[in-house]
Each structure stands twice: as structure tokens, then as C-alpha cells.
Amino acid sequence: MSKPSILEVLKSPRIWLLVAVGFASGLPLWLTGVTLSAWMKDEGVNLKTIGVFALVSMPYTFKVLWAPLMDRYTLPFLGRRRGWMLVTQVLLMGAIAAMGLVNPKDSPVAMAALAVLVTFLSASQDIVADAWRTDILTVEERGLGNSTYITGYRLGMLTAGALALTLSDVVGWSQTYFIMGTLMAVGVVATLLAPEPRGSKPPRNLTDAVVKPFVEYFTRKGAIPVILFLVLYKLGDAIAAGMVTPFYKELGFSNTEIGALSKGLGMVSTIAGGLLAGVVMVKLGTRRSLFIFGAAQALTNLMFMALSLVGKNDLMLAATITVDNLCGGLAVTAFAAYLMSLCHKSFSATQYALLSALGTVANRLISASSGYLAEWLGWPTFFAGTVLLAVPALVLLAFLPANAAAPAEDTPEPAPAPQGESSSSAVAVAR
1 MSKPSILEVL KSPRIWLLVA VGFASGLPLW LTGVTLSAWM KDEGVNLKTI
51 GVFALVSMPY TFKVLWAPLM DRYTLPFLGR RRGWMLVTQV LLMGAIAAMG
101 LVNPKDSPVA MAALAVLVTF LSASQDIVAD AWRTDILTVE ERGLGNSTYI
151 TGYRLGMLTA GALALTLSDV VGWSQTYFIM GTLMAVGVVA TLLAPEPRGS
201 KPPRNLTDAV VKPFVEYFTR KGAIPVILFL VLYKLGDAIA AGMVTPFYKE
251 LGFSNTEIGA LSKGLGMVST IAGGLLAGVV MVKLGTRRSL FIFGAAQALT
301 NLMFMALSLV GKNDLMLAAT ITVDNLCGGL AVTAFAAYLM SLCHKSFSAT
351 QYALLSALGT VANRLISASS GYLAEWLGWP TFFAGTVLLA VPALVLLAFL
401 PANAAAPAED TPEPAPAPQG ESSSSAVAVA R
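Mapped onto the UniProt record's numbering, the consecutive letters of the sequence shown carry residue numbers 1 to 431.
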């Protein structure tokens, strides 16, 4: 069977539904982070309290702990994946709006409780949204599906950041959070229109849901080398990212210059990179794309090295941010598609959460040393070193067998629902 053309993949309605699903996943992130910090600062909350509020994001780190519940249990409507998506999105509408009823200065504990609730629901939505797109996308659609999802996710973040900050000056913070809550309706509509994955079987009981995803993965041939690859793939990039803002500041760039270019131009470049990756991956496939984009992602750190040698130069800063974010968007899209290929559809919620967390947590722990390395090596050598840190992952990928750690699926690839199926006419249309 020949590969579908790019045009055929673009015609798939579920590819474009992923923009809306991604938007709903990205929207809550900054509403409990940078946007909430801005609100607290406006209300005169002290910096120590604002700093402590960073802890409300912890559910994102530990979401793998309750992912098995979302694999095991199916709600009595919309199916195993869409049922949970709808519940988390509706609850997020209420929880985000409820944040608008609380003053963070007068009731910091109540605000913290609501923020934790939002992050818990948001992390839960991420679990099931990741599982849904893992289950529903064919191999050929994974690249473009991930790119459209990431585009929607970034648009959600932009809405919760730039738009929310602008609205707060016009209608006030309470009304802003009410509006942000109502925007979760974008995800609700997408969930109602989306198809439910077919053919995958949930774990038989809770014990299977908790134990089998780990046992099933770690008994695969090549499981450990693949885990090592997941940790190493973005290591150099993660270490460099931890020092980028201090690096800009040390060169003499202002907050305005950094903000306008890194948040504005950077966001556009990341989205463009993701979309470009999705189109290219239809032809290249996941493995070749992963290698090429990973190499490109690493080499962009040479731009930072060049900037450190040139010094303060606005044009060079813009070029560095554009190239870095463009290649970062390419690599993130390919990496997400590769993660999907490692997930068994019976446990995709748990395994996707587990595999993505292993790489993220390890990178965060290792990148904590980035400041020491920058001080010891100096900026040019530091950024050159981060390029070299990408080499082990690429060498490992080159030698990994094509089917390393691939799941032994006992279910067919998701197939279109027959026309007129009784579950929902909207599902048939979305298919």
C-alpha cells in the first residue's frame, strides 16, 4: 500500500480538529503561570508569595500517577477518550471562571486552591488529549497531526498571555478570567465533533492499568536504549534554554527587546517550524525526520555562540531567535510523533505520559547545572558544548533498529466510522 500524498493527509478532518484540541490544552497553562503572576503583581502581592505560586504547576509533572485511571475507566458517554476530554474541558470552563471571583491578595489560599484545581484538570486534559491523538492518527498523519496540535497549543498560550494581559487593562482581571473560561468552549465543540478511536481495548482492571503499561513497555526489545535516546535527544537544547535569557541580559538587551523578539517572533517561528515539520514528515517519515530535525536543532546553538562573539546586535538576535525556534518546532513535532509510535493503544494515556515525563524530568534535573557550566566555560564554549551534547542521541538513533521498542499491537489501525453510525452524526462528519 503506497503512502498517501500530502494533499490526502491535509484533507483529513481530524488533522484540523487537532488545532482546536491543542488550543484547549494550551489555554490553561499561562492562566496559572505568567498571567496569574501579572495579576498578583497588579494587586500588590509580594514577590515571595508570587514565587511560591510556581508550585501550583506540580500536577503537570506528576500526571502519570493518575493516567492509568483514564486508561482503565470509560465514562458512559462519548467513549473512553472523548468522554474524559469533555469532562475535563467543561470543568476547566468553571474552574477558570471561578478564579475570576477571587482576589489573589485578599484570598491567596483560595486562589492557590483554584489554581491547583485548574492545573490538575489541565494536566488531566493533556493526558487524554495525548492518548486520543495517539490512538486516532495513522502513521502517515502523525507528523502533520502533531504540528496542527502544537499550533493550536501555542495559540492557546498566546491567547492566555498576550490577549489576557491586554483584556485586563480594558475589562479588569475578573472579567478577563471569565472570558478565558468561556474560550474553553473551543475544545468542547472539537470534542463533540471528533471521532472516537476504534478497536483499542482498555485494561481489564485497575491493577492491569497501573502495572501492565510499564511491564508491556520494558519487556520490549530495545526498551532501555530507546529510553536513553528520549533523555538525550533534547539534552543540549534544554541546557542551552536554561541560560538564554541571562545570556541576552548580559549582552545588554533590554526586557522589551527580549520580550518582543523571543515571545513574538519566537512564537511565530515555532508555529512555522511545527507546520513545516508536519508537511515534510509525510514524505520523510518519522525516523529520518527525527534525525535531520535533531541535528538542525543542535546546530542552531551555534547561532548563540556567534551572537556571543558579535555582541549586542538586534539583527543577529532576531536571526538567532528565528532559526532556533523554527528548528525547535521541527524537532518537537518529530519527537511527539516518535513518542506516539512507542505507545500501545490499550495504555496510550499512561505510556505517553510516562515516556514524555522521563525525558522532561531528566532534562530538567541535568539542566540545573547549566549556570555552573556557563560560568566555568564562558558563553562561546558553553553554547558550542551544547551542540556536542546532541551527538550521542543522533548516534544512538542511527544504530537503533527500526522497530526498537515498538509495541506489539493486537488491534488494527483506527478506521473511519461507517456513515450513519448511531453514536453521533457529528462523528461521521468529522471522520
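Just so you know, even glycine gets a beta-carbon here, dropped at the ideal spot from N, CA and C.
Where residue i falls: helix, strand or coil (DSSP)
i: Arg154; result: helix
i: Leu78; result: coil
i: Gly100; result: coil
i: Pro392; result: helix
i: Lys63; result: helix
i: Asp410; result: Because Asp410 sits at a pLDDT of 42, beneath the cut-off of 50, its placement in the model cannot be relied upon, and the following sentence gives the value as read from the coordinates. Coil, per DSSP.
i: Phe120; result: helix
i: Pro13; result: helix
i: Val186; result: helix
i: Ser168; result: helix
i: Val109; result: helix
i: Ser200; result: coil
i: Asn403; result: coil
i: Val226; result: helix
i: Met40; result: helix
i: Ala194; result: coil
i: Phe347; result: coil
i: residue 432; result: Given that the chain is displayed from residue 1 to residue 431, the structure contains no residue 432 and the question cannot be resolved.
i: Lys312; result: coil
i: Ala426; result: At Ala426, the pLDDT of 30 sits below 50, so the modelled position is not reliable and the matter cannot be decided from this model.
i: Lys212; result: helix
i: Ser356; result: helix
i: Gly264; result: helix
i: Tyr149; result: helix
Candidates the options: closest to residue i by CA position
i: Ala190; options: Pro13, Gly328, Leu388; result: Pro13
i: Leu342; options: Lys221, Ser37, Thr74, Thr61; result: Lys221
i: Met157; options: Val268, Gly242, Phe178; result: Val268
i: Arg133; options: Ala115, Tyr217, Gly145, Lys41; result: Gly145
i: Asp324; options: Thr286, Lys201, Ala238, Phe62; result: Ala238
i: Ala406; options: Gly385, Leu397, Tyr217, Glu141; result: Tyr217
i: Ala353; options: Ala95, Pro28, Ala123; result: Ala123
i: Arg82; options: Val215, Gly187, Gln351, Ala209; result: Gly187
i: Met316; options: Phe253, Asp42, Lys212, Gly385; result: Phe253
i: Thr61; options: Leu121, Ala20, Leu18; result: Leu121
i: Trp84; options: Ala131, Val215, Val45, Gly51; result: Ala131
i: Val45; options: Ala112, Ala97, Trp16; result: Ala112
i: Val215; options: Phe347, Ala185, Glu140, Ile292; result: Phe347
i: Leu396; options: Leu330, Lys345, Arg287; result: Arg287
i: Met340; options: Glu140, Tyr372, Pro203; result: Glu140
i: Glu257; options: Asn313, Ala272, Thr270; result: Asn313
i: Tyr149; options: Ile271, Thr219, Ala97; result: Ile271
Close-in-space but distant-in-sequence residues of the same chain around residue i (CB under 8 Å, 5 per side omitted)
i: Leu206; result: Pro68, Leu69, Arg72
i: residue 432; result: For the chain, the structure presents residues 1 to 431; residue 432 sits outside this window and is missing.
i: Trp39; result: Pro104, Ser168, Trp173
i: Ala115; result: Thr32, Leu36, Phe53, Val56, Met99
Spatial neighbours of residue i in its chain, beta-carbon cut-off 6 Å, leaving aside the 5 residues before and after
i: Ser147; result: Gly274, Leu275, Ala277, Gly278, Thr333
i: Leu290; result: Ala334, Tyr338
i: Tyr153; result: Gly22, Ser25, Gly26
i: Met281; result: Gly143, Ser289
i: Asp410; result: Low local confidence applies: a pLDDT of 42 at Asp410 is under 50, so the model's placement there is unreliable, and no value is given.
i: Pro392; result: Leu232
i: Ala209; result: Pro68, Asp71, Arg72, Pro203
Own chain, CB closer than 7 Å to residue i, minus 5 neighbours either side, in chain order
i: Ile136; result: Arg14, Pro195, Pro197, Pro414
i: Pro401; result: Gly222
i: Gly161; result: Trp30, Val34, Thr35
i: Leu165; result: Thr35, Ala38
i: Thr320; result: Met303, Phe304, Leu307
i: Pro225; result: Leu396, Leu400, Ala404
i: Leu394; result: Phe291, Gly294, Ala295
Cβ-Cβ separation, residue j to residue i (assumed contact under 8 Å), whole Å
i: Ala390; j: Gly236; result: 4 Å
i: Val387; j: Ala296; result: That pair is no contact at about 11 Å.
i: Ala374; j: Asn301; result: Not really, about 13 Å apart at Cβ, beyond 8 Å.
i: Thr49; j: Pro108; result: 6 Å
i: Leu193; j: Leu17; result: 6 Å
i: Pro202; j: Gln351; result: Pro202 to Gln351, Cβ: 13 Å. No contact.
Proximity of residue i and residue j at Cβ, strictly below 8 Å
i: Leu86; j: Leu92; result: no
i: Ser308; j: Pro246; result: no
i: Phe304; j: Phe229; result: no
i: Ile179; j: Leu358; result: no
i: Leu251; j: Gly311; result: yes
i: Thr88; j: Arg80; result: no
i: Gly242; j: Ser370; result: yes
i: Tyr233; j: Gly294; result: yes
i: Ala95; j: Val128; result: no
i: Leu183; j: Thr159; result: yes
i: Leu355; j: Ala318; result: no
i: Asp126; j: Lys63; result: yes
Any chain C beta carbon closer than 8 Å to residue i
i: Gly285; result: Absent from the structure: chain C. Only one protein chain is present.
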